[in-house]
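First to last, the protein sequences are chains D and E. So for the first sequence, our numbering puts the first residue at 12; every next one is plus one. So for the second sequence, our numbering puts the first residue at 1031; every next one is plus one. Only one structure is covered here, and it is reproduced in the block below.
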Amino acid sequence: MEPAMEQTQYLIVGSSHAALEAISAIRMHDATGTLTVVTRDAHLPYSPTVLPYVVSGKSAPERVFLRDDDFFARNAVSYRPGAGLAALHADANTAELADGTRLGYDKLLLATGTSPAIPPIPGIDTVSYHVLRTLDDALGLRDAIAQSRQAVVLGAGLVGMHAAENLVKAGASVTIVEMSDQLTAGYFDKVAAQMIEQAFTDNGAKILTGSRVVRLEPSPVGARLTLANGQSLEADLLLVATGVKPNLEYLNGSGVAFDHGILVDDTMCTSVANVWAAGDCAQAKHFFSPTPRVNAILPSATEQGRLAGMAMAGDAGIKPYAGGVPLNTYHFFGRHAISVGSSEAPEGSEVLTRFDEKTGRYLKAIFRDGRLAGIFGVNEFFDGGIMAQLIVRRMDLTAVKERLVADPLTVGRELMSRTWR
Amino acid sequence: MGRAYSTIAFDPAKCDGCGDCMTACAQAKTGTDDWARSRIQIVGRGNATQGAIKDAIEDATEKAFELALCRQCADPKCVTVCPAGALAKDGASGVIGWDASKCVDCLLCTVGCAYGGIALDEVSGHVSKCDTCDGKPACVPVCSKGALTYVTTANIYNEVGDWEDLFAPGLAGCQGCNTELLMRHTLRRVGPDTVLATPPGCVPGMGSVGFNGTTGTKVPVFHPLLTNTAAMLAGVKRQFKRMGRDVTALAIAGDGGASDVGFQSLSGAAERGEQMLFMVVDNEGYMNTGMQRSSCTPYGAWTSTTPIGAGCAAGQPAQGKTQDAKNLPLLMVNHRCAYVATASTAYMEDLYAKLDRAIEASKTGFAYVHVYSPCTTGWRFPSDQNMEVARKAVETNFVMLWEFTPSEGLRFSRSVDDPLPVTDYLKAMGRFRHLSAEQIEHIQGKVVENSKFIQRFSEQAHGG
Chain D
12 MEPAMEQTQY LIVGSSHAAL EAISAIRMHD ATGTLTVVTR DAHLPYSPTV LPYVVSGKSA
72 PERVFLRDDD FFARNAVSYR PGAGLAALHA DANTAELADG TRLGYDKLLL ATGTSPAIPP
132 IPGIDTVSYH VLRTLDDALG LRDAIAQSRQ AVVLGAGLVG MHAAENLVKA GASVTIVEMS
192 DQLTAGYFDK VAAQMIEQAF TDNGAKILTG SRVVRLEPSP VGARLTLANG QSLEADLLLV
252 ATGVKPNLEY LNGSGVAFDH GILVDDTMCT SVANVWAAGD CAQAKHFFSP TPRVNAILPS
312 ATEQGRLAGM AMAGDAGIKP YAGGVPLNTY HFFGRHAISV GSSEAPEGSE VLTRFDEKTG
372 RYLKAIFRDG RLAGIFGVNE FFDGGIMAQL IVRRMDLTAV KERLVADPLT VGRELMSRTW
432 R
Chain E
1031 MGRAYSTIAF DPAKCDGCGD CMTACAQAKT GTDDWARSRI QIVGRGNATQ GAIKDAIEDA
1091 TEKAFELALC RQCADPKCVT VCPAGALAKD GASGVIGWDA SKCVDCLLCT VGCAYGGIAL
1151 DEVSGHVSKC DTCDGKPACV PVCSKGALTY VTTANIYNEV GDWEDLFAPG LAGCQGCNTE
1211 LLMRHTLRRV GPDTVLATPP GCVPGMGSVG FNGTTGTKVP VFHPLLTNTA AMLAGVKRQF
1271 KRMGRDVTAL AIAGDGGASD VGFQSLSGAA ERGEQMLFMV VDNEGYMNTG MQRSSCTPYG
1331 AWTSTTPIGA GCAAGQPAQG KTQDAKNLPL LMVNHRCAYV ATASTAYMED LYAKLDRAIE
1391 ASKTGFAYVH VYSPCTTGWR FPSDQNMEVA RKAVETNFVM LWEFTPSEGL RFSRSVDDPL
1451 PVTDYLKAMG RFRHLSAEQI EHIQGKVVEN SKFIQRFSEQ AHGG
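Quick look at the structure:
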């Protein structure tokens, strides 16, 4: 006879922001229900967002952990690192782990995050390359950067740009190859992107936007890249940072519906009973879109994880998800950039900008029907959290638009004080 | 048990936008006078410029100034969105601390906070936030307008919460009554080596003397007559003393029992300097027997024996009580008791400080503490308003908080300057609803008279 299968009331797969918030939310409502956290990662919980700083050396790798062992003990959580989810048998309320262990659950949260999306470039499997999604990736990349003389970064998103800056500072010659016409697209507009690009080229990096790699092959240096225009590049360090995709292989045959991510309702429940999803792997309501989107950012992960935990524990205080709002911050060569809301400016929207060449301060705000839709700044600090509230509350700002753009820090705080303080 | 925390409180109605708090913060935290680097930000309704915060809103009735300051949230978003573990709420102080050695300067915390409580200091390049200066906030003492206060009441909860509750759980008080709070806190503070006297009134009615043959307290309690409480307690205390046992003799009596029929024994015990702590819970009437007037009932108040309307008294229209209240604590001052104080449950820290002094004084002489206790049922106000009514009584000087010892004289423990108009207090309850303009004028006049009268004691005490 087989031994009885292990049972847990709450099972959480994943150990980053969404999972941690779910633990807190569950324990807020249910202090004793059995709770198990399994995660493919071998470490204590950490944030993927901190990894570029591990690479740069700003963060000591042993000090990036978001919780310690004591946290799990205090919260009566069975924490099992190094245990990835292999398959989900939702019809039997059972999770199958990579090592074959089966775990029965009453309520399941999938907070499995993402993995790097590897572009289907011919020959990519013949060369060695780096990605940056786990702490082990970061440590490997950090060591490689110290050795690199000529590096190529594929992808000019925030991860790629961060790593490229580290490479530049380490003294390597760096080329950034980006398929689209603009770097950091989606977060920053052409003006801001131009400022970022200028900072990189001023520091000696080469940026090739609108470029596509058509072939990769081993070379004496490491890897040789051939671009669509025929140009070829040599790299002793190749970083593939062309985006991420949710980990969904385990869903096969489970009946859980997914698109780009796992489809969830306003309380993070999936199409299957007793299964929730949150964080970068979830495709949830989006504030600026009629259809669900993956909004793979840290603040959304925490919010979704909290909601999922409340729903799983049956907390009556739950409020439906308001929809993801894009939020990001970025530092480059001593400058900072903040992006809150949608960078899209559909017809009829009003775009107010100002730019001071001397100080390098740039600000852009997009209004739709007098309501803030997005605000973006380079070297111009404002309270992003207040701006996000102005957006989510759909406050009519017609009367203060110009003042808000002139002094977003002060005027934002005035509006906060008057409205929700 | 969870902990409660001290907090910086802001009263926008008192802020005039002078910016002294920002100067003090900037100096304490950055060594400069740069308001932009202050962690407390006073926000005007218009443009803020160093030196003056302009109020751009024309409607002057609106509150003009607000603030952006870390609220030390219980559920802090800045902490949850920090990817580096650099922000954490300190379980002991409640302050959200920032660890410079872990921070990666990513600014995500500023995107998480909806209150502008953590922001970039452009000079240092790092975020900065209020840390309450380790419990001694630099901004608070420099606020000359009283708009900023550092509320430390939480200490009572943290400290007292661990002391033994000497009353039985579940007392039969009216909904919203603060007397249970008062009984539990007082007995906790006085401690288990106590003999308690509770003459007829709300306190035994709520259960101090118990039900079905068991007492409602974990200390010996007895139920004297209204007339002989102080005398009986004096005898009990003397007997314990003769036996060589050190116990606190505590009475918790109502205003009726103390100021009316019980006054002669109270006065006698005070005159003899009996070693006891006599607490009067003043709800301004005989409330447990049907809300009859007492000598502590204020002028104009409705009670069941001072009714309102035509035909009440021999066909004469009546308008509530027609006499002013007796000021019992002042009478006790004139007994030169070892200690006399007035207190209010809206000011618990003050009450606790006075209890400490009263307990000490009761070891050598007669200590008297007079606590004002708004009566939800008899005063006719909603049951969730007890503390607010108690606070308004103090804020309007209807009730004044002071303490007296023969050697130090009388000292106000809360300033009686700039009181609110007494109507703010009167309109908070139903027993004054019928008042005519003349009656209100009379009450306001009495408040001013009382305040001046007591201030004269205070000024003499301080050589003024």
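Note that the Cβ used here is the ideal one computed from N, Cα and C, for glycine as well.
Backbone secondary structure at residue i - three-state DSSP
i       : result
D:I273  : strand
D:P331  : coil
D:A36   : helix
E:G1200 : coil
D:R160  : coil
E:G1408 : helix
D:S300  : strand
D:A106  : strand
D:A94   : coil
D:G352  : strand
D:E368  : coil
E:D1085 : Residue confidence for E:D1085 is low, a pLDDT of 44 falling below 50, so the modelled location carries little weight; the figure read from the coordinates is stated next. Reduced to three states, the DSSP call for E:D1085 is coil.
E:N1077 : The pLDDT assigned to E:N1077 is 45, lower than 50, so where the model puts this residue is not dependable, and the model offers no usable value.
E:F1428 : coil
D:W287  : strand
D:A84   : helix
E:E1438 : coil
E:D1161 : coil
D:Q294  : strand
E:F1308 : strand
Exposure label - residue i; buried when at least 16 CB within 10 Å
i       : result
D:A319  : buried
E:N1364 : exposed
E:V1310 : buried
E:E1489 : exposed
D:W431  : exposed
D:G352  : buried
E:A1082 : Confidence is the limiting factor: at E:A1082 the pLDDT is only 44, short of 50, which leaves the residue's position unreliable, though a coordinate-based value still follows. Answer is exposed; the Cβ neighbour count stays below 16.
E:M1273 : exposed
E:R1275 : exposed
E:V1153 : exposed
Pair within 9 Å by beta-carbon distance, residue i and residue j
i       : j       : result
D:G388  : D:R414  : no
D:A122  : D:V255  : no
D:A167  : D:T220  : yes
D:A94   : D:N263  : no
E:P1199 : E:L1226 : no
E:E1379 : E:N1208 : no
D:L77   : D:S27   : yes
D:P310  : E:V1111 : yes
D:E17   : D:G171  : no
D:S139  : D:G233  : yes
E:L1138 : D:T60   : yes
D:A183  : D:R153  : no
D:A101  : D:N258  : no
Closer than 8 Å: residue i CB and nearest the ligand COA heavy atom
i      : result
D:F299 : Because no ligand of any kind appears in the structure shown, any question about the ligand COA cannot be addressed here.
Within chain D, the residues that residue i reaches when beta carbons sit closer than 7 Å
i       : result
E:P1234 : Near E:P1234 there are no residues of chain D at all, since even the closest Cβ is about 39 Å away, more than 7 Å.
E:N1111 : As written in the sequence, residue 1111 of chain E is Val, which differs from the Asn given in the question. Per Cβ cutoff of 7 Å: L309, P310, T313.
Contact set between residue i and chain E, taken where Cβ atoms lie within less than 9 Å
i      : result
D:M427 : V1073, E1096, A1098, A1144, Y1145, G1146
D:T340 : C1136, L1137, L1138, T1140, V1141
D:E32  : T1110
Beta-carbon neighbours of residue i, restricted to chain D and to distances below 8 Å
i       : result
E:L1150 : H347, F392
E:K1119 : Here the premise fails: no neighbours, minimum Cβ distance about 12 Å.
Under 7 Å from the C-beta of residue i: neighbouring residues of chain E
i      : result
D:I397 : A1144, G1146
D:V61  : P1113, A1114, V1134
D:K69  : V1134
Contacts of residue i in chain E (Cβ-Cβ under 8 Å)
i     : result
D:F76 : G1115
**Message:** Threshold first: 3 residues or longer. Then list the beta strand (DSSP E) segments lying entirely within the region 194-272 of chain D, N to C.
**Reply:** 217-219, 224-229, 234-238, 243-246, 248-251, 255-257
_Going residue by residue through the region 1088-1157 of chain E, where are the continuous beta strand (DSSP E) segments of at least 3 residues, counting only ones entirely within it?_
1096-1098, 1117-1119, 1126-1128, 1148-1151
What alpha helix (DSSP H) runs, 4 residues minimum, are completely inside the region 1223-1276 of chain E?
1232-1236, 1259-1272
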